[in-house]
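Numbering (UniProt numbering), first residue to last: 1 to 728.
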């Protein structure tokens, strides 16, 4: 079993994870712009041949610290390259770096190349030549936070190059992004139901060609002539030939059965001819109809009453003028609404503002990256303008009471929310015992409202059917009050199992929205985890962190998504260190920091157990934020119980405090009792529970508790709380 890493454009990680699992990968974990997985060499070959989403498949061969040029050179030389490169083989090196002392990618690639060729010469062999186009072996260096990972690039060239594209337009869409659009829009199911595929701005035909190859079960890499493993010394020729034969047989079955349901058009006749040539090269031209006409005059193909209209319009970045685009998007929305009743549409808009210009209500939104450009994929279910909406049954008396309460809460809080610029807040918290849930409102930066509903444990004597009915009523009532479609309402349910109630399965969408709080921006995921990435009840705690952080070194233990670290950085902290055991949360934390302009050596992310980190570090901090879980039984650290272990944890924090330092300690264990007697000899304790609860959590004022702890003043030491002031 080997470890691999598949790279992909940002936004495709969750799709790629599922795809790799379907190809036989195990221990699959998404990361930023890629997915880690395990498997045999056959698994990696299948990923190269069959992945529609991956950019490269990397086989790591070494990992080491590389904070200096010498360390990098020595680490690369420690690898036995004779196991990978045959004599007289050619090589190339790709390098990328982030948050490291070594910052020049081109120089890093040169040093890796030098280390490899020097090893061959030192052993009396000829110096390997460099071939940047199609080397026998392509080496990949990834340097993150001074740690180097050296890999063999099994793809050799980006996997989005399928081998059929002869020509392309001015702003081509990469094939793996086109595949992601098709998968997010549900194209395989639409094809199975007899639907058609139509791209009214087809350009060089990327989307429709990808859609046809997907429907025909043709391996995306079947037409490629070059892979990075073909010249690799450990290449298994027999295995690769068997996989190619299997893919060829599947294509021979799938292509003859393909329906002629693929349609493309473009206003530029040159693009139409280009798309035709590419379709011919891909071997599927006979299933296509390609025409020249304007996108706003597109109509459903004869004989098709359902299907998918999918397109990648101009963004105003490279093609078209930004000023004229909102009108174009509005006209496109009119065309889709007026003529494609019963179809689904998917539009890759340059940003949310252009998406709103269509005047269509998106059922789903996904952030995707077209190269370096952040875009939004909008999915619409199209209905005629004059279609009479299906009449909903009246709300039950209980649901109407719930709706009334939600409207009352919203009216009561609205002015203060607007005055304080709060975009994520609690609207309801089990106000009515029959509707046992908490409802949180998130307004993303595009202006769309999302709802997060968490079910509380129902009494054992309440039938499951009753709780499910009430949850449906909660979703409907809340959706009506906040004008939010069901597709933007996340419901976290509890399912009864052995030993009592527990949370049920979460989605695996990989959908993040950007939410503003305190003038900062955070990524929130409403569907995939128990929590969303932003603890709303800690809004004032984060504000306190910003207030106290100026000029201090900041340590964030149990950092989660590092929202407190972002606040500390915004408050003028000298540097921040965020410690968490989860690699997933640290990647999320990295994105939160970068989203607000905080990156580099001043903002460290450490994957470690908090207690172990405190034991090892010799640094001192002016502000330590500690918000531990109630319980933790991770396999990678000792069991943690906040009631049992908080004294040991806080005293360890005290050892790492600067002489005028502060510990901000909070937790959500309702029955927690601070052991003052054990802490008092070393720390002055100031309760701050009531002051840390936001106004929208007033119904549940015990949702968390909070304390400020500082070393006892000695001599002329200044109490750090006496001069604390809120920053304007």
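Even glycine gets a Cβ: it sits at the ideal position worked out from N, Cα and C. In this text the structure is predicted, and so the values were computed from the model without any measurement.
Here the alpha carbon of residue 575 sits roughly 5 Å from the alpha carbon of residue 602. Looking at the backbone, the Cα of residue 109 and that of residue 157 are separated by about 16 Å. Exposure of residue 299 is indicated by the presence of fewer than 16 other C-beta atoms within 10 angstroms of its C-beta. Given a length threshold of 4 residues, each whole run of the alpha helix (DSSP H) inside the region 195-249 is given here in chain order: 206-215. DSSP places residue 262 inside the beta strand (DSSP E), whose first and last residues are 262-266. Take the alpha-carbon of residue 445 and the one of residue 126: they are about 58 Å apart.
Ranked by Cα distance from residue 210, the first of 229, 359 and 176 is 176.
Within the region 512-567, the runs of beta strand (DSSP E) that reach at least 3 residues and sit entirely inside it are, in chain order, 513-517, 520-524 and 553-557. Restricting attention to beta strand (DSSP E) runs no shorter than 3 residues, the region 561-613 encloses them at 575-580 and 603-607, ordered along the chain. As for any alpha helix (DSSP H) of minimum length 4 sitting wholly inside the UniProt domain "THUMP" (43-154), the runs are 69-77 and 105-122, ordered along the chain.
When secondary structure is reduced to three states using DSSP, residue 640 falls in the strand class. Ranking 139, 481 and 662 by CA distance to the CA of residue 555 puts 662 first. Contact annotation: residue 11 and residue 527 have beta-carbon atoms that are not nearer than 8 Å. Ranked by how close their Cα comes to the Cα of residue 52, the residues 66, 20, 89 and 63 have 20 in first place. Contact between residue 536 and residue 692 does not hold, since the beta-carbon distance rounds to 13 Å and is not under 8 Å. Rounded to whole angstroms, the separation of the alpha carbons of residue 622 and residue 579 is 16 Å. The beta-bridge partner set that DSSP reports for residue 397 is empty. By DSSP's assignment, residue 687 forms a beta bridge with 707. In this chain, residue 697 is not harboured by any alpha helix (DSSP H), its DSSP state being neither H nor E. Judged by DSSP secondary structure, residue 665 falls within the beta strand (DSSP E) whose first and last residues are 657-667. Of the other Cβ atoms in all chains shown, 16 or more fall within 10 Å of the Cβ of residue 231; this residue is therefore buried. At least 8 Å separates the beta-carbon of residue 440 from that of residue 457. Selection 423, 428, 421 and 397 evaluated against residue 406 yields 428 as nearest (Cα-Cα). Taking every protein chain shown into account, the CB of residue 253 has fewer than 16 other CB atoms within 10 angstroms, so this residue is exposed. Between the alpha carbons of residue 383 and residue 348 lies a distance of about 20 Å. Around the beta carbon of residue 565, a 10 Å sphere encloses 16 or more other beta carbons of the protein chains shown; the residue is thus reported as buried. With respect to the C-alpha of residue 316, the residue from 279, 37 and 350 having the closest C-alpha is 350. Within 10 angstroms of the beta-carbon of residue 271 lie 16 or more other beta-carbons, which makes it buried.
For residue 425, the enclosing beta strand (DSSP E) starts and ends at 424-429. For residue 81 against residue 220, the beta-carbon gap comes to about 31 Å, at or over 8 Å, which does not count as contact. In the three-state scheme derived from DSSP, where H, G and I count as helix and E and B as strand, residue 646 is classed as helix.
Secondary structure of residue 39 (DSSP, three-state): strand.
Per DSSP, the beta bridge partners of residue 365 are 378. Per DSSP, residue 349 is one residue of the beta strand (DSSP E) stretching across 344-349.
Residue 17 carries a helical assignment under DSSP once its states are collapsed to helix, strand and coil.
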